[in-house]
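Only one structure is covered here, and it is reproduced in the block below.
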Ligand code: PMP
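In the working numbering, the protein residues as written are 3 to 419.
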C-alpha cells in the first residue's frame, strides 16, 4: 500500500537527475538504520552508496544525533553576517588543523557546488586583488565533475558530463586529459607555459574523479600536477568533496600525494552525511590578498545558511567520531574485501575494468551497456546500488559490515552474470 504523503506529493515533486516520465518510481523510505535503508513496505536495503557517499559513519550515529539535538535546544541557526557562534568557529579551527598542509581560513557554505563556486571566486579575486589582470580562466580535466551550478559546470567535463547541454552557456575553460605519461606531462607543461597568463587556477578531484565515471589516477600524477601548477604560478584547487573524510584511505586524498592545495573544497561527509554543509579552505597567503583597508578587496559572498549551527554541530560531532572510532582502519578492510570480491567480475561478460580505491569499488562496463537499467535488479536483491554512465560502483558507509559488503558484491556478480 502506498502512503498518502507519497501519492499526494508525487504530482508536485521534481526529482534529481531523472527523466521522470521513464524513471522507475522512487522508493518510499521509512527510516535508516546503520548501513541500511528501511522502506515503507518493510523491505530493508543494504546501502552501497551511503547517500551519495556522504554517510561515512552509517546512518543515525548516536553521537551526531545527540550533538545536533543539543544544538537545536540552544539555537538552530543565526546568520554569520555580523554574528558569530561556537559551532562554526570551533569547526573552522578543527578543520584547519586536520586538512593537508596549511589552510587556516575556512569559508562555509551549504553545498559542494557552492563550495566550488566560492573556491573559483576566491581564485579569480586573489589575482585581481594582487593587481594581475587577465587571470580569469581555469584548467580542469576530462571526466571531471565539480557540481551542478554554473561555474562548477564550467569546470566539469563539457563534452562527456551530464551538463553537456549547457556547454554553450558556461564560461569556456581549458579542459585537458589527466596526463598519464611523460609525453603528456610535457605537453601540459608547454600548454601551461603559454596559458598561465590567462589561468587563475587548476581544479581537480584528487585521486578519484567521482561522478565523471570513477576514474582513478595515482598520487605521483597528482603530485606532478600540483608541481606544474606551482611552476606556472596558478592556484591549485583540490575538490575533496567526494574524496575527503576517509573515502580513499587517508583522511584526505591529497595526503597520499604529500601535497597541500592552495584552496580545498569539502562537503558530503563533512557532517557525517546528516545535514547540508560545505567548506572552502584557503591558505593564509590567499587570505592576505583580501585582507586590507579596501572594502572592494573583500570576498563578497555569504549564503543565508552559511555555517548553520546545526550542521556545524553535526560536523564537529563527526570529527569527534573520526578521532574515537577506527574509520580509516575500516576503510583498509573494505578495500581488501572489495579487491577480493570484485576481482571475479573481470571474467564476466561486457566488463571492461574492475578497480578499487579505499572504500570505492568500481566495475566498468562496455560503452553502450545500459547500466542504469540494472538498478531495479539490485533492489530485488535488497541492495541499494545506483549504477550510472558505464559503471556499477560501491561507495558504502565506512562502517559497513563484512556481511553487508558481501551482500553488495554478491549482488553485483549475480546481476552482471
Ligand atoms: N564536487 C564533487 C567532487 C562532487 O562529487 C560533488 C557532488 N557529487 C560536488 C562537487 C557537488 O556537491 P553538491 O552535490 O553538494 O552540490
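Glycine is no exception: its CB is placed at the ideal position from the N, C-alpha and C atoms.
Return the first residue and the last residue of the beta strand (DSSP E) that residue i is part of.
i           : result
residue 281 : 280 to 284
residue 123 : Note, residue 123: premise wrong, no beta strand (DSSP E); alpha helix (DSSP H) at 114 to 131.
residue 46  : 46 to 49
residue 34  : 31 to 35
residue 418 : Not the beta strand (DSSP E): residue 418 falls in the alpha helix (DSSP H), residues 404 to 418.
residue 395 : 393 to 396
Taking the CB atoms as reference points, tell me whether residue i and residue j lie closer together than 8 Å.
i           : j           : result
residue 443 : residue 386 : Residue 443 is absent from the model: the chain starts at 3 and stops at 419.
residue 346 : residue 116 : no
residue 421 : residue 209 : Within the shown structure, residues of the chain are numbered from 3 to 419, placing residue 421 beyond reach of any answer.
residue 278 : residue 317 : no
residue 311 : residue 87  : yes
residue 180 : residue 143 : yes
residue 362 : residue 187 : no
residue 129 : residue 137 : yes
residue 132 : residue 284 : no
residue 214 : residue 163 : yes
residue 60  : residue 399 : yes
residue 315 : residue 69  : yes
residue 360 : residue 249 : yes
residue 244 : residue 207 : yes
residue 65  : residue 325 : no
residue 289 : residue 107 : yes
residue 234 : residue 194 : yes
residue 154 : residue 118 : yes
residue 274 : residue 205 : no
residue 2   : residue 331 : Summary: the structure shown does not reach residue 2, with the chain confined to residues 3 through 419, and so no result is reported for it.
Where residue i and residue j are concerned, what is the direct C-alpha to C-alpha distance, given to the nearest angstrom?
i           : j           : result
residue 89  : residue 402 : 29 Å
residue 327 : residue 268 : 21 Å
residue 140 : residue 165 : 17 Å
residue 101 : residue 287 : 16 Å
residue 355 : residue 78  : 46 Å
residue 421 : residue 231 : For the chain, the structure presents residues 3 to 419; residue 421 sits outside this window and is missing.
residue 220 : residue 75  : 46 Å
residue 335 : residue 197 : 44 Å
residue 252 : residue 99  : 15 Å
residue 201 : residue 176 : 9 Å
residue 272 : residue 247 : 7 Å
residue 238 : residue 229 : 9 Å
residue 297 : residue 8   : 50 Å
residue 380 : residue 412 : 10 Å
residue 12  : residue 23  : 12 Å
residue 388 : residue 192 : 40 Å
residue 299 : residue 49  : 46 Å
residue 20  : residue 295 : 48 Å
residue 303 : residue 85  : 15 Å
residue 67  : residue 378 : 32 Å
Under DSSP, the alpha helix (DSSP H) around residue i begins and ends at which residues?
i           : result
residue 111 : Element bounds for residue 111: not the alpha helix (DSSP H) but the beta strand (DSSP E), 107 to 111.
residue 1   : What the structure shows of the chain is the stretch from 3 to 419, and residue 1 is not part of that stretch, so it cannot be assessed.
residue 175 : No alpha helix (DSSP H) contains residue 175, which DSSP labels as neither H nor E.
residue 187 : 184 to 197
residue 326 : 311 to 326
residue 232 : 221 to 233
residue 296 : Taken as a continuous stretch (DSSP letters only), residue 296 belongs to no alpha helix (DSSP H), as it is neither H nor E.
Thinking just about the alpha-carbon of each residue, which of the options is nearest to the one in residue i?
i           : options            : result
residue 55  : 72, 242, 369       : 242
residue 374 : 17, 16, 26, 291    : 26
residue 92  : 72, 43, 275, 321   : 321
residue 391 : 411, 412, 368      : 368
residue 280 : 120, 204, 129      : 120
residue 416 : 382, 289, 400, 251 : 382
residue 397 : 292, 365, 371, 205 : 365
residue 134 : 182, 111, 236      : 236
residue 151 : 113, 411, 198, 182 : 113
residue 410 : 343, 359, 299      : 343
residue 276 : 82, 338, 35        : 35
residue 5   : 32, 53, 19         : 32
residue 351 : 293, 414, 406      : 414
residue 125 : 337, 348, 263, 14  : 263
residue 425 : 71, 255, 107, 85   : Outside the shown range of the chain, which is 3 to 419, sits residue 425, and nothing can be said about it.
residue 406 : 339, 161, 167      : 339
residue 371 : 394, 384, 378      : 394
residue 240 : 301, 195, 103      : 103
residue 109 : 301, 331, 16, 218  : 301
residue 53  : 384, 184, 299, 270 : 270
residue 261 : 274, 222, 80       : 222
residue 337 : 160, 282, 408      : 408
Can you tell me the Cβ-Cβ gap for residue i and residue j, rounded? I've got them flagged as a contact below 8 Å.
i           : j           : result
residue 38  : residue 47  : 6 Å
residue 357 : residue 58  : Incorrect: roughly 21 Å between the Cβ atoms, too far for contact.
residue 73  : residue 145 : The Cβ separation is near 39 Å, so there is no contact.
residue 111 : residue 308 : 6 Å
residue 45  : residue 384 : 6 Å
Relative to the ligand HEM, is the shortest distance from any of its heavy atoms to the C-beta of residue i smaller than 7 Å?
i           : result
residue 207 : The ligand content of the structure shown is limited to the ligand PMP, which means the ligand HEM is not among them.
With a threshold of 8 Å between beta carbons, is residue i in contact with chain D?
i          : result
residue 24 : You won't find chain D in this structure, because it holds only one protein chain.
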